[in-house]
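If you read the sequences in order, they're chains P and W.
First residue of the first sequence: 5, per this note's numbering; consecutive thereafter.
First residue of the second sequence: 716, per this note's numbering; consecutive thereafter.
Cβ coordinates follow ideal geometry from the N, Cα and C atoms, glycine included.
Notes to accompany the following structure.
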Amino acid sequence: MLLALGGVAAIICAIVLLLLLGGYDVPSALIALWTGSVGTWYAFTSATLVRAIPLMLTGCAVAVAFRAGVFNIGAEGQLLAGGTGAAAIALAFPSAGPVALAIALIAGAAAGAGWAGIAALLRERFGVLEVISTIMLNFVALYAVSFLVRGPLQEPTHAYPQSSSIAETVRLARLPGAGRLHVGILIALAITLGVGWWLRHTAAGFRLQVVGESPTAAASAGLIDVRRTSALAFVASGALAGLAGAIEVLGVTYALYEDLSPGYGYTAIAVALLAGLDPWRVVLTSLLFAALEAGAGAMQRDANVPSTLVAVIEALLIVTVVATQAIRRRRSVGARTDDLELEVTT
Amino acid sequence: MSTSPPALALEGISKRFGAVQALRDVSLRVEPGTIHALLGENGAGKTTLMHVAFGLVSSNTGSVYVDSARVEIRSPADAIAIGLGMVHQHFSLVPAMTVAENLALGGHGVLRTREMVDTVRHIADLTGFALDPSARVENLSIGAQQRVEIAKALARQARILILDEPTAVLAPSEAEDLLRWIRRFADAGHAVVLITHKLSEALAVADHVTVLRHGRVVYDDAAARSSVHGLTAAMLGTDALASTEYVRAGGTAGAAVFVAKGVTIRDERGTLRLRDASFVVHEREILGVAGVEGAGQHELLRALAGRAKVDAGVIERPPRVGFVPEDRHRDAVLLDRSLTDNVALRDAARRRGRMPWAAIRAKTQNLMSEFDVRAPSRNVPLRSLSGGNQQKLVVAREMGTGDRAAPARGAHPVAALVVENPTRGLDVRATADVHARLRMARDQGAAIVLYSSDLDEVLALASRMIVLHGGELREMPLDRHAVGRAMLGA
Chain P
5 MLLALGGVAA
15 IICAIVLLLL
25 LGGYDVPSAL
35 IALWTGSVGT
45 WYAFTSATLV
55 RAIPLMLTGC
65 AVAVAFRAGV
75 FNIGAEGQLL
85 AGGTGAAAIA
95 LAFPSAGPVA
105 LAIALIAGAA
115 AGAGWAGIAA
125 LLRERFGVLE
135 VISTIMLNFV
145 ALYAVSFLVR
155 GPLQEPTHAY
165 PQSSSIAETV
175 RLARLPGAGR
185 LHVGILIALA
195 ITLGVGWWLR
205 HTAAGFRLQV
215 VGESPTAAAS
225 AGLIDVRRTS
235 ALAFVASGAL
245 AGLAGAIEVL
255 GVTYALYEDL
265 SPGYGYTAIA
275 VALLAGLDPW
285 RVVLTSLLFA
295 ALEAGAGAMQ
305 RDANVPSTLV
315 AVIEALLIVT
325 VVATQAIRRR
335 RSVGARTDDL
345 ELEVTT
Chain W
716 MSTSPPALAL
726 EGISKRFGAV
736 QALRDVSLRV
746 EPGTIHALLG
756 ENGAGKTTLM
766 HVAFGLVSSN
776 TGSVYVDSAR
786 VEIRSPADAI
796 AIGLGMVHQH
806 FSLVPAMTVA
816 ENLALGGHGV
826 LRTREMVDTV
836 RHIADLTGFA
846 LDPSARVENL
856 SIGAQQRVEI
866 AKALARQARI
876 LILDEPTAVL
886 APSEAEDLLR
896 WIRRFADAGH
906 AVVLITHKLS
916 EALAVADHVT
926 VLRHGRVVYD
936 DAAARSSVHG
946 LTAAMLGTDA
956 LASTEYVRAG
966 GTAGAAVFVA
976 KGVTIRDERG
986 TLRLRDASFV
996 VHEREILGVA
1006 GVEGAGQHEL
1016 LRALAGRAKV
1026 DAGVIERPPR
1036 VGFVPEDRHR
1046 DAVLLDRSLT
1056 DNVALRDAAR
1066 RRGRMPWAAI
1076 RAKTQNLMSE
1086 FDVRAPSRNV
1096 PLRSLSGGNQ
1106 QKLVVAREMG
1116 TGDRAAPARG
1126 AHPVAALVVE
1136 NPTRGLDVRA
1146 TADVHARLRM
1156 ARDQGAAIVL
1166 YSSDLDEVLA
1176 LASRMIVLHG
1186 GELREMPLDR
1196 HAVGRAMLGA
């Protein structure tokens, strides 16, 4: 506990120090950071919570994959694939209302799963490291969307690189009295909490963790199909990220365009790691990062502080958390010199 | 009788690893132009002694002399610098690199392809080996890889070559070729130390033989004056151990639990390990398995436990077979998880639906008290327990008949257990604990298959004994000499 407080104190000091070094007005910067994120109801709902939705789902996606030992860095591309899938369905069936909405969400998840599936197949068949393939696929997705919104899916006047707006009936409804916050928050919460429960309380969830923690122990425990488990986790991770993209299109942007995601898929990695790869804690860390990013915008507007300062803060957060975890672990174990790793093959 | 100084002399070498005295005042003299065979059972100290010579392990006492000059060997680099080369049992090659690149490892200065290739060609000419500088090691046969390993030592101008069980992985014709080459190498004036457990090989090719047992030299003489009988006696010991009364339980064996019929097993490389083996293991019985390293025991045990498939034949076994693998950290546990999570591993593969954590926690608590696993609580990471307690938990987990997992209707649950080197790395007390548990399980009706590279351990616990050698399985009486001879194929 003392260690955690020490970490928080260190971060606050670091922020103030950076602001001072940059010659910025520290009080107004900090006030802007606060009011822009959680200081007002509007900021909280429409800046923070809205950003928290995709972060929560992609954070959950990354957590699931990493837990299974799959280093899915492709949440960004999977999110874009999901947004594309959802947009395509929503634009094709505007009159079908809530049914189309539901199908669009599922299509988004499926598209994300399929996008991850490409990398999963490459990993299975050819031993391609997923760290590399997923990052590459992120770029492919980005340029594919870029192409689509300038070509097949472009809005009728051909003036802007984006799709037509999706019809009112196929949009995720806003929550009354909560600014721009939409029903997606309920979907995201339900799914993330559900995934967390699944990991902790089901045999399949436990197997996934075992496979990620020690594939050799999994194989020795008998009958755990390591390859199948990690492939399924990979695809499920893609589905979650795809759903995030679908919700963004159906609840926030109402159209498909290139800048659909300001790097949610990458921030998700930080969100997941900070949460210790636990979906229930992802709910909290996604809120934290969402607040920081919302506040960054306000800091830039009101105090002229470049929003990249927040990126520095996020990085410091991760380093601090990882460091405190490492210190804690080393303390609890100590040096076990009496446990001989006897590889005495004489 | 040569009057030149020994090429390599080890005097008074002792080495202790924690509680284990691996070497006790061992002296060895290797003359130039000779092949010196170093014999002994598993665990006798052969490899450890050579690791001391090669600088991989430091000795507690004793000194090393090369050409009668005393040397300090603190690392393999020192050893290589004075002309020692070692060909290890488990190759030290980089599979993804070429032959030339592997030979260049450990060099200094700028990497020049032309020079590397020339070195390979030079060694190839010198030795008569066929070495392709641009071939990738992972694509070579085992015999070829071993030749690369030898070439590595020669590339560093080794005059004293140590070979650790070189023919263990070779086909008979390859082994003959290798031994012929070793003879030529020695005849050219170099010295060779050949670590082996194969008596016939040693007598066929060596000039001098030394036998280690329990870390001591028990025989040292010219090969011409040695016989298979004499060497066997030295390796196995003719002391009181042979006539020890091993403690047997009362009670006779019951129904068959494991039935193997015509089982043939190949390892991952496709090498035949066991051919057409048949045997039965009953309730209230511990079947001891004996064999030198590489005799197929690991593959057989895994097949019995249902963790690996057989290539031919059938193994009938109960649906739940406990398995205690020899590499605990790699295969049996999740070090950073709690004791509870580790206990949950037991049935993780076959469970459906929810994890009954409350029941698993209770089970963990029971197992901890029943098997005397010392830990602050069941929530601490397993890593923080001593090796002995970790192993006790693994054994407890695999032996426990479960958390109300429904037994077959009408029948009582029979524990079936396969155990591999269960007391590796454990101190005397933990070892005694584990042995007591195995005997108790047996008395309660379990069928247990036990392999240990410590023959005495197997003999102390087994009700019956099978020996693996050269792909064949034979049932042997519980007699140390008979088993020891069978393990060596004598």
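The alpha helix (DSSP H) that contains R928(W), what's its start and end? Translated into positions along the second sequence, residue 928(W) becomes position 213. No alpha helix (DSSP H) contains R928(W), which is instead part of the beta strand (DSSP E) from H923 to R928.
Is any beta-carbon of chain W found at less than 9 Å from that of R175(P)? In the first sequence, residue 175(P) corresponds to position 171, counting from 1. False, the Cβ-Cβ gap to chain W never drops below 9 Å.
Leaving out five residues on either side along the sequence, give the residues of the same chain with a beta carbon under 6 Å from the beta carbon of I795(W). One-based indexing of the second sequence puts residue 795(W) at position 80. Here the set comprises R871.
In angstroms with no decimal places, state the Cα-to-Cα distance between V1095(W) and E1135(W). Working through the second sequence from its first residue, we reach residue 1095(W) at position 380. Working through the second sequence from its first residue, we reach residue 1135(W) at position 420. Distance between the alpha carbons of V1095(W) and E1135(W) is about 26 Å.
Based on the DSSP secondary-structure assignment, which residues constitute the bridge partners of K976(W)? Here residue 976(W) refers to the residue found at position 261 when the second sequence is read from its first residue. Answer is V1029(W).
In chain W, which residues lie with their C-beta within 8 Å of the C-beta of A207(P)? Reading the first sequence from its first residue, position 203 is the one you call residue 207(P). Those within 8 Å of A207(P) in chain W are A1063, R1066, R1067, G1068, R1069 and M1070.
Starting from R731(W), follow its DSSP beta bridges and name the residues at the other end. Taking the first residue of the second sequence as position 1, residue 731(W) is located at position 16. Looking at the DSSP assignment, R731(W) forms a beta bridge with Q736(W).
Look up F994(W) in the DSSP assignment and give the residues it is bridged to. As a first step, residue 994(W) must be located in the second sequence, where it is residue number 279. For F994(W), DSSP records a beta bridge to A975(W).
For the region 60–71 of chain P, enumerate the residues whose C-beta is nearer than 9 Å to any C-beta of chain W, in chain order. none
Using the Cα positions of E1190(W) and M1180(W), report the straight-line distance between them to the nearest angstrom. If you number the second sequence from 1, residue 1190(W) lands on position 475. If you number the second sequence from 1, residue 1180(W) lands on position 465. When rounded, the distance between both Cα atoms is 6 Å.
By Cβ distance below 6 Å, which residues in the same chain neighbour E960(W) in space, the five residues on each side in sequence not counted? To locate residue 960(W), count along the second sequence from 1; it is residue 245. Residue placement at E960(W) is poorly supported in this model, since its pLDDT is 44, which falls under 50; the coordinates still yield a value, given next. Result list for E960(W): empty, nothing under 6 Å.
Here's the rule: buried if 16 or more other CB atoms are within 10 angstroms of the residue's CB, otherwise exposed. What is L59(P)? Along the first sequence, read from residue 1 onward, the residue named residue 59(P) stands at position 55. Buried, since its Cβ has 16 or more Cβ neighbours within 10 Å.
For T776(W), three-class secondary structure by DSSP: Position 61 of the second sequence, counted from the first residue, corresponds to residue 776(W). Three-state DSSP puts T776(W) in a strand.
Nearest-angstrom Cα separation, counted from R1035(W) out to R1124(W): Here residue 1124(W) is taken as the residue at index 409 of the second sequence, counted from 1. Here residue 1035(W) is taken as the residue at index 320 of the second sequence, counted from 1. Annotation note: pLDDT 37 at R1124(W) (below 50); position unreliable, no value reported.
Against chain P, does L725(W) count as a neighbour if the rule is that its beta carbon must be under 9 Å from one of theirs? Along the second sequence, one-based indexing puts residue 725(W) at 10. Not one chain P Cβ lies under 9 Å of L725(W).
Let me see if you follow: with CB-CB separation under 9 Å, is F1086(W) close to chain P or not? Indexing the second sequence from 1 puts residue 1086(W) at position 371. Judged by the 9 Å Cβ criterion, F1086(W) is not in contact with chain P.
Looking at chain W, is there any beta carbon in it that lies within less than 9 Å of the beta carbon of T328(P)? Position 324 of the first sequence holds residue 328(P). T328(P) does not count as touching chain W.
For E916(W), name the three-state secondary structure that DSSP assigns. Numbered from 1 along the second sequence, position 201 holds the residue referred to as residue 916(W). Looking at E916(W) - three-state DSSP - the assignment turns out to be helix.
The region 998–1029 of chain W: which residues have C-beta closer than 9 Å to a C-beta of chain P, in chain order? Identification of residues in the region 998–1029 of chain W having a C-beta nearer than 9 Å to some C-beta of chain P yields E1008, R1017, A1020, G1021 and R1022, given in sequence order.
Look at G242(P) and G78(P) and say whether their C-beta atoms are less than 9 Å apart. Here residue 242(P) corresponds to residue number 238 of the first sequence, with the count starting at 1. Here residue 78(P) corresponds to residue number 74 of the first sequence, with the count starting at 1. For G242(P) and G78(P), yes; Cβs fall inside 9 Å.
Specify, as a first and last residue, the run of the beta strand (DSSP E) that G800(W) falls within. Taking the second sequence and counting its residues from 1, one reaches residue 800(W) at position 85. Its beta strand (DSSP E) spans residues L799 to V802.
Run the CB neighbour count on G198(P), radius 10 Å, all protein chains shown included, and call it buried at 16 or more, exposed below. As a working mapping, residue 198(P) is identified with position 194 in the first sequence. By the 10 Å Cβ count, G198(P) comes out exposed.
For R862(W) and A921(W), what's the separation of their Cα atoms in angstroms? Translated into the one-based positions of the second sequence, residue 862(W) becomes position 147. Translated into the one-based positions of the second sequence, residue 921(W) becomes position 206. If I take the Cα positions, the gap works out to 20 Å.
Quick check: the region 99–110 of chain P against the region 311–320 of chain P, are there 3 or more CB pairs under 8 Å? no
Give the secondary structure of G1037(W) by DSSP, where H, G and I count as helix, E and B as strand, and everything else as coil. Position 322 of the second sequence holds residue 1037(W). Note: G1037(W) maps to strand in three-state DSSP.
Between the region 731–742 of chain W and the region 897–912 of chain W, can you find at least three pairs of beta-carbon atoms closer than 8 Å? no
Have a look at A768(W) and S729(W) and give me their C-alpha separation to the nearest angstrom. Taking the first residue of the second sequence as 1, we reach residue 768(W) at position 53. Taking the first residue of the second sequence as 1, we reach residue 729(W) at position 14. Just so you know, the alpha carbons of A768(W) and S729(W) end up roughly 12 Å apart.
Against D1194(W), what residues of chain P qualify as contacts under a CB-to-CB distance less than 9 Å, listed in chain order? The sequence position of residue 1194(W) within the second sequence is 479, counting from 1. Simply none; closest approach about 24 Å.
Which ranges does the beta strand (DSSP E) cover as unbroken runs of at least 3 residues, wholly within the region 820–881 of chain W, from first to last along the chain? 875–879
E746(W) and A722(W) - do their beta-carbons sit closer together than 9 Å? For the purposes of this step, residue 722(W) is identified with residue 7 of the second sequence, where counting begins at 1. For the purposes of this step, residue 746(W) is identified with residue 31 of the second sequence, where counting begins at 1. In contact: A722(W) and E746(W) (Cβ atoms closer than 9 Å).
Can you tell me where the beta strand (DSSP E) with G209(P) in it begins and where it stops? Residue 209(P) sits at position 205 when you count from the first residue of the first sequence. Not the beta strand (DSSP E): G209(P) falls in the alpha helix (DSSP H), residues A207 to E217.
Can you give me, in chain order, the residues of the region 224–236 of chain P that have a beta carbon less than 8 Å from any beta carbon in chain W? S224, A225, G226, L227 and I228
Limits of the unbroken beta strand (DSSP E) element including L244(P): As a working mapping, residue 244(P) is identified with position 240 in the first sequence. Looking at the DSSP string, L244(P) is not in any beta strand (DSSP E); the run it does join, the alpha helix (DSSP H), is V230 to E252.
Counting pairs of beta carbons, one from the region 207–220 of chain P and one from the region 79–91 of chain P, are three or more of them closer than 8 Å? no
With distances taken Cα to Cα, identify the nearest neighbour of D1169(W) among A1162(W), A1177(W) and I1163(W). The sequence position of residue 1169(W) within the second sequence is 454, counting from 1. Comparing Cα-Cα distances from D1169(W) to each of A1162(W), A1177(W) and I1163(W), the minimum goes to A1177(W).
CA nearest to the CA of R352(P), picked from P219(P), L24(P), A33(P) and I191(P): Examination of residue 352(P) is not possible in this model, given that chain P is present from 5 through 350 alone.
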